[in-house]
Structures are given as structure tokens and as C-alpha cells.
Amino acid sequence: MIMGDIHRTSKRRHLGFWICGLILVQTFWFEPVLAQNAPHSQAGTAGAAFLKFGVGARATGLGGAYTAVSDDANSMYWNPAGLSSFNGTQLSLMHNRWVQDINYEFVGIAFGDSGTAGFAFGLTFLWMGDISVTTFNDRLGTTGNTFTARDMSFVFSYGQKINDYVSVGGTLKRVKSTIDDISANATAFDLGLLTSLPIQGVTLGATIQNLGNRLKFVQDSDRLPLIYKFGVAYSQSNRLTMAVDLSKPIDNRFRVNAGGEFVLMKTLALRGGYNSSNELDNGFTGGAGVRIGSISIDYAFVPFGVLGNTHRVSAMFQF
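If you read the sequence shown in my numbering, its first letter stands for residue 2, the second for the next number, and so on.
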């Protein structure tokens, strides 16, 4: 009887591995069909683009394939259902030096209750350097006048485990965009679902992000970047993780995100990923992380072709 149970467990473990391996192969086989070169007719029609950027260097190193992986404080962005998967308090900090002197920051704190429920608060902030004022008669901005632009969002998230296999969650966001001295505000919601399959190590995730009203600047208004996501992930003994996401933004074509992580000696993590939304380069991402006691430090590298390379550093503190 014991040998039979061991055999069945081994079969389920290997089945999960091959399922995710097959998904990764299919991802790169069909991705050119999903992400065609022709511009989408709705491209650029949604505002508050910073809501798409994500948080945490671990998720970025995995190519943004985190919908079914979400298991820490950063779940408040990726999939709030994941807040039900840990115990204790986690503090997450991130700095992202983006392209063209744009900086993107995040701070969040999450509280987990014995792996049954959790809630979190977070703040994201995007800002850039001075921008020259140009007019129809002065297109080069020779007057020396400048202005600034910045975006921020405050979020509250909650995740709840329904049973041993299913968790759900939701996020409330307050979004603010400012250009010079003009601001626009909006309220948005995220909904998330996580479920574990009978196949050992395999989880499925789904989210709807940025449901809400429009950002209105004086007369003009922009809709929020509504995104539908579905993901699958496979994890083996906290050493190997593979994940794939398929997403559909309201203002663009289907997107594919895929990534893998290998952990050495429970301390060093090596990551690689692919993000089809990065049309300025080949879409590949890389990263690494180190865990020392209750502190995890992560780094991710994302190339953006002629615009340059971006570097993301984050830290997670467990209390």
C-alpha cells in the first residue's frame, strides 16, 4: 500500500512537470501568432499605463508570469487571492530605474493569518524628471520652461481561502495621475482566483485587473487599462518553478508571459523569462535572488532596445 502511494505521488509529480513543460513549448510555438507585428486598433487608448508595470523583481525576472505563482505580499498587485497563502507579516519594497529617466517605486505590507486569509496595503509611485514645455510655435522648447508628470495608486487587498483547493481575493485601488498642475482621479478594482489541481504542484490562476471609472483631465478622459489574465504554474519542492500567463489588455492584442526559477541550497534563485508585450526588444528577461534568514533580495533585468535597459531591485522582509 505504501509503495503504491509513493508510485502514484511520483506519477502526479512528473505529470505536473510535463504539463507545464508542454505549456512552455506551446507558448513559444504560438506566441508569434498571438502577438502580431501590426499595431492594434486600440493601442494607446487607455490611460494610467503605470498600472501595467507590476511590482517585485522576482515576478519581473519570471517575465511577469505570476498570476498562478502569487504567494507573497506582492500578490496585492498580481493576484490578491495569493494573500491567503502565507502566515505572518511581510514588508515589500521596490525601486525600478525605468527608461528615459522614469522611476517607479513600490512599498507594501501584508498580513497573513495561518494560510487561510490575508490583507495588504500598498503604494505605487511613478515619477520622471523635468519635461520641456513645447508649443506649436516653439516645438523645441527653447523657452526653458518645464513641467513634471507623476502617477500614483493606493491599494487595499484581501484574500480568502475557500477550501483546501480554492482561494479568492479582491483589490481596491485609488488612482491619481498628475500633469503639471492638473490632476485626474479614478477608483478601480481587481478580482483574483487561485486553485490547486489534484496534480501535485500545479496551480491555476485568473484575474481581472483595473475595473473602474475613467480618468478625467478637465475635458478629456481616459479609460483604465482593463486586463484579463489566466495563468498556470508548476512548483517542485520549492526548488523549481515554471509559469505561463496569457493576458488580454483592453487596448492591445493577447500577450504571453512565461518564466522559470531554480533555487540552489534554499538560498540563491536564478530566473529567466519572456514577455511578449516588450516589442522594443526580444522580450527576454533575467534575474536572481538571494535569501538570508527572513530577508529576500531580488534583482531583474529587462532590455528595451534603443530606449536602454531597465533594472529592478526589490526586498521582502518576513516578520
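For every residue, glycine included, the Cβ atom is placed at its ideal position computed from N, Cα and C. All values reported here derive from a predicted model rather than from experimental measurement.
Rounded to the nearest whole angstrom, the C-alpha separation of residue 195 and residue 260 is 18 Å. If you ignore the 5 residues before and after residue 319, its C-beta comes within less than 7 Å of the C-beta of 89, 91, 295, all in its own chain and listed in chain order.
Taking C-beta atoms as the reference points, residue 160 and residue 85 count as a pair closer than 8 Å. Assignment of residue 275 by DSSP, reduced to helix, strand and coil, places it in the strand class. Taking a cut-off of 8 Å on C-beta distances, the segment 257-273 touches the segment 238-246, as three or more cross pairs fall below it. A Cβ-Cβ separation of about 18 Å leaves residue 169 out of contact with residue 189 under the 8 Å criterion. Judged by DSSP secondary structure, residue 261 falls within the beta strand (DSSP E) whose first and last residues are 256-265. Here residue 130 has 102 as same chain residues with Cβ atoms under 7 Å from its own Cβ, once five neighbours each way along the sequence are excluded.
Between the beta-carbon of residue 81 and that of residue 154 there is about 14 Å, and that puts the pair past the 8 Å contact cut. In the DSSP assignment, residue 241 is bridged to 237, 263. Scanning its chain for C-beta atoms nearer than 6 Å, with the 5 sequence neighbours on each side dropped, one finds around residue 258 the residues 64, 65, 66, 246, 276, in chain order. If you draw a straight line from the Cα of residue 174 to the Cα of residue 268, it comes to about 34 Å. In this structure, 119 is the residue among 149, 68, 106, 119 with its C-alpha nearest to the C-alpha of residue 87. In the structure shown, the three-state DSSP call for residue 85 is helix. When 98, 314, 197 are compared, the shortest CA-CA separation from residue 69 is found for 197.
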